[in-house]
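Reading through the structure tokens given below for one structure.
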């Protein structure tokens, strides 16, 4: 008999359900007796012992369903060790609930923040297996995360839509793509949709270079320019500020995000009409794309296998087209970002895409 | 021999190309000799005689292509009779170019503003045929406009995406749908995606009623609420202001649109997390949906037939499932809005949707 | 208190769930107490008293879900009055189960066959409300049926896909679209996807005219031709046969459908490479399109209203953009087919589409 | 100055245009003067010197366009060394045309057959660069081919559509997926869409095992079963036949493909209703998915770089997430198939999917 606790934490994304279904199908298809405890709304469910017993039926038909049947929430790692508003020690509470329910392990699906807490619980002696969930694809130790390709598809659709209207109106269009710290999503969606300029956090941009590209396109008669901008894109000037100074600057901005700031700057310098579109949370939603369904199912199956083998303390990852188990301590607290020298960046430049650098 | 001038004006939308292809195919398939003059970027092309001669090849493969191969721009009717910055009389210029090119007629694709100018040109003695283009579906004299159903599809997708993330995070989500004056797009996309609350310009809302609905859903355990809000949604209080006062109020708002204002109000009154998503210009872009491709092609064919019959001064419309010709003067300056007593509104209410009224 | 029996019958299609949700939401939102008996797998469930009690939860989240949560099956009308293999009188059995459960009415969702039986039950004294379900759009008494637009979307996608491969390989491609008796689906999908030839049951074709069109395209340098063929397309020659003779001929055909027969004939006469693609049952599946979701929800709401008003013996239909109630006896046994003189056919011809006539 | 010949050969697929655009953009963005000779309809264009001079404009807007702007055709390798029907030595003709046009190199996009001929031309002394195009993903030397992921998306959609109708009607449904020799496409689409049984050429199946799975599902109350079958799926019995014997058997089959044969066998043994759907050529068509657009663009950029570096005799491939150059002789004549022991197969089995083995 295995008692499995399961939870999804952090921003939701596509294929969370597919991944959980993969774990559970693998366990049910084994000879083990299995009980699944689904903790509700992320770590909160574990902290306050809010859970549901789940059966096979709960996992039927969810392969293609977006979101998470368990609900999710953000419980920032920097607050995890502080007591809650009632003085409860949250880490202790999670441990107690784990032992009270006599769990054999926790399956935790989440991104960077989630993995810090997962690693902490593992160090505290709980049996933990994690699965790499994030549309940002910025988890260390895995080439790919589920949710990413689905988000690329949606962001690409968004820029495709904008493309026809930008061309018809001869406008500069900025599409803001999710990604505060890394540019994987913006880079891939931008390349897929034929964006002319791609601005990502890893490669600070120079406004003049951005404008050069717009004008070069004008001179060639293209008449419009598409700019894919990551939420965390930053100018070379701002990149020289301290984190604190930059945060202050952001707070003072009259615009809700850097895209609007950039739009205003381009408009001012070129006199051109610039528009901003922000698909926003749409990028996390909807049915997972086929790639993510297969990928998340495979990760889930491997997690199930680890549980059957009593192997804990790992994230299931994907490296060089092989499923791998990565120690949680190697994952926690690291970020997988795009190197400005990466082959994909060079290829994008060969294709004529400007990074404003 | 027929010399046809053609132009697309106002905000672009899906199926403009399909409609033009319909006109041109019909003319080419007739026994007439035909020359097509494509004026660039809306009325500007006609004013400043910027055009391209188009041949069959230009219209091949564009049935499914978004945007407009002619480009478009907004030339507000209220400025059309004023001279331009160089003192040029724009109406006179259009007439002169029309006669200089010895055109037999103008085919003009556009929405409400476009039709006012088209009607003026018709009254000035030019032969004009128009086609009803707008994602807003607010043109008088036709049950349907092309672009509308494609925009419904995109806005519905947007709310579908938001649905899974709203449910997973137990949030109130506002999706702002295009439509400053009418709510057709918001109402249809909202009903198609299962929105719980739909706010449209035609039915001013009461914030308390909106909050009642959110709380009713909470009490039933739904935990999240989707609100589809038209750009021009307005509260009962604001609806009592004069146009001028309301405009002033909007300008002073700290938020870029009424959706953010509404979000702030709900958040303040309920303490709940409220998020806003604005698909924006995406709603005008991309390949037209099959409905619009068929519909725009049919309108184009009927326009071609009118030209072959030398029947001018009409918009081609669609009433009670019949193609009709509507005198331009009947179309210009009128708005087709949703009656609060319309059967579709009543049905939406039967389904449990709140309009906040 | 109202006791409502509900069933879906005939081939499944998109928006069956949306329609049922519409009925049930309307009833639950009224002041009536309501019990919903969902009969399983079409009339069989009513005949053999296989049903499930359904609650609000069963109808939550199904607006966008394809298929039918009740299951369906075909129970041909011509067999409905014969006893089953155990000698059971099926009509009597349905009546007895209706009375035993003390039902106030039956809500029946189905197409042409389904309506014959529904009308019979109504004449036998049961309270019946029906909703017009079919991808064929061939129900008398309504301008539109739900499922139709979703099927158009899928069939159009299919032809769009084929378009690029046909053009690249310079082939004649036949896409067989569903529709044994009527051509609505083929005509709309064909027009939406730019098919060059459209063959439908209502307009028998002449093989030579089909080949003329292919060769005309060759001479113009197009190099490929797309033919959208309804399952029930028929040549002028075959249209002269008696039903019986034609059926015999079909049975002797070496090919699984008329499309393959046509392909072989074109290949033989022109020496060209001809390929056939049959999307088949795909056309009934998947999530309903936004149009169908709104339309089916509206029909459902109107059905709910009829029940609350104790108005029975009607199909809820849609005429000239108004929701209408159509007496069941007016619907049963009639077919809404395309007139060869219909405006849409003429427009298609203006666009250069050949019907082979 | 570089003179580049370019051709696409074999079955068309998505992202051919994206890949060519990648090559050409890279060359145009370099300091080299470039002339592009586009040979029409595959090797035939090179053999018979049918070509078009292409400019930047020809490659604008084709990133998202399906098919190939050059046209394609199959010129089987086993016939390439035979003279044509007029006695022309085809290999000699290609060489002569290459030299006559003073080409610096040939860029050839194709799959397995194409690579055999490309390798031959390379051995004959021509400068050749190839790009791995096939929806089958069966090219040796690269982890991925473009077209594959787009085809997975379409085949998955197809099975998704069938899913709702299969469930509603409680049927066994067979969806035949492209792939005569390898099962990559079937396996991925099957896993993505939750197929219950997946039959691929690499793992011969046992009919009884297939039926066991169907009956196991029945007993669990699922009531329907989805089988994804590759075109080249083969039973264990047939796998023992010689190639010649099996070919003979296939020719004698009353059904057009193994799927129909399998359907008949299941129907006979179980008495259940079994339906077959064949999306067929749809799988090669339409706009490439975002993954393929990025991937093909990157491959194209790398090919451009090789040309600028005068590096010939290679296919550009992708191994372990790195772009690599693979000697043509290593690619030609080999097949990348699925090992029955592959991790993805094992994971699929953990998820409960039967391969009938």
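Residue numbers (UniProt numbering), protein chains in the order written: chain A, 1 to 357; chain B, 1 to 357; chain C, 1 to 357; chain D, 1 to 357. We treat Cβ as the ideally placed atom computed from N, Cα and C, and that holds for glycine.
Using the Cα positions of residue i and residue j, report the straight-line distance between them to the nearest angstrom.
i	j	result
residue 249 of chain C	residue 255 of chain C	11 Å
residue 211 of chain A	residue 266 of chain A	7 Å
residue 89 of chain D	residue 71 of chain B	51 Å
residue 340 of chain D	residue 81 of chain D	36 Å
residue 309 of chain B	residue 30 of chain B	11 Å
residue 185 of chain A	residue 143 of chain A	14 Å
residue 140 of chain A	residue 115 of chain A	10 Å
residue 279 of chain D	residue 195 of chain A	32 Å
residue 235 of chain A	residue 169 of chain A	27 Å
residue 39 of chain C	residue 97 of chain C	11 Å
residue 322 of chain B	residue 274 of chain C	37 Å
residue 226 of chain A	residue 287 of chain B	18 Å
residue 14 of chain B	residue 301 of chain A	43 Å
residue 270 of chain C	residue 353 of chain C	20 Å
residue 136 of chain C	residue 315 of chain C	17 Å
residue 335 of chain A	residue 189 of chain A	20 Å
With the cut-off set at 8 Å, would you say residue i and residue j are in Cβ contact?
i	j	result
residue 94 of chain D	residue 47 of chain D	yes
residue 350 of chain A	residue 156 of chain D	no
residue 19 of chain A	residue 328 of chain A	no
residue 200 of chain B	residue 233 of chain B	yes
residue 75 of chain B	residue 44 of chain B	yes
residue 121 of chain C	residue 16 of chain C	no
residue 37 of chain A	residue 103 of chain A	yes
Whose C-alpha, out of the options, is nearest the C-alpha of residue i?
i	options	result
residue 67 of chain B	B:133, B:252, B:104 and B:196	B:133
residue 147 of chain C	C:281, C:357 and C:163	C:281
residue 33 of chain C	C:15, C:42, C:3 and C:198	C:3
residue 330 of chain A	A:322, A:342 and A:317	A:317
residue 202 of chain D	D:75, D:269 and D:187	D:187
residue 263 of chain C	C:172, C:92, C:24 and C:150	C:172
residue 138 of chain D	D:117, D:165 and D:178	D:178
residue 62 of chain C	C:23, C:73 and C:84	C:23
residue 193 of chain C	C:320, C:213 and C:164	C:164
When you measure from the CB of residue i to every non-hydrogen atom of the ligand NAP, does any distance come out below 7 Å?
i	result
residue 343 of chain C	In the structure on display, the ligand NAP does not appear, and there are no ligands present to speak of.
Exercise. Note down, in chain order, all residues in the region 171 to 200 of chain B with a beta-carbon under 8 Å from any beta-carbon belonging to chain C.
Key: 188, 189, 191, 192, 193 and 194
Quiz item: Looking at chain C, which residues of the region 286 to 297 of chain D have a Cβ within less than 7 Å of any of its Cβ atoms?
Solution: 286
Self-check item: Start-end ranges of the alpha helix (DSSP H) lying completely within the region 43 to 98 of chain D, minimum 4 residues
Solution: 43 to 47 and 77 to 80
Quiz item: What are the residues of the region 267 to 281 of chain B that lie near chain A, defined by any Cβ-Cβ distance shorter than 9 Å?
Solution: 275, 276, 277, 278, 279, 280 and 281
Quiz item: Taking any Cβ of chain A, which residues in the region 328 to 357 of chain D have a Cβ under 7 Å from it, in chain order?
Solution: 343, 344, 347, 350, 351 and 352
Quiz item: Just by C-beta distance, which residues in the region 21 to 42 of chain B are closer than 7 Å to chain C?
Solution: 22, 25, 26 and 29
Quiz item: Enumerated in chain order, which unbroken segments of the alpha helix (DSSP H) with a length of 4 residues or greater are wholly contained in the region 95 to 140 of chain B?
Solution: 112 to 123
Quiz item: Using a beta-carbon distance cut-off of less than 7 Å, what residues from the region 138 to 154 of chain C approach chain B?
Solution: 143, 149, 152 and 153
Quiz item: In chain order, which continuous runs of the beta strand (DSSP E) of length 3 or greater are located wholly inside the region 262 to 317 of chain D?
Solution: 274 to 277
Practice problem: Scan the region 295 to 318 of chain B for residues whose Cβ lies nearer than 7 Å to a Cβ of chain C and list them as they occur along the chain. | Solution: 297, 298, 301, 302, 304 and 305
Quiz item: Of all the beta strand (DSSP E) runs that stay within the bounds of the region 186 to 235 of chain B, which reach a length of 3 or more residues?
Solution: 197 to 199 and 225 to 230
Quiz item: If contact means a Cβ-Cβ distance below 9 Å, which residues of the region 41 to 70 of chain C contact chain D?
Solution: 41, 65, 66, 67, 68, 69 and 70
Exercise. Could you please tell me which residues of the region 248 to 265 of chain C, in chain order, have their CB closer than 9 Å to any CB of chain D?
Key: 255, 256 and 260
Quiz item: What are the residues of the region 114 to 127 of chain D that lie near chain C, defined by any Cβ-Cβ distance shorter than 7 Å?
Solution: none
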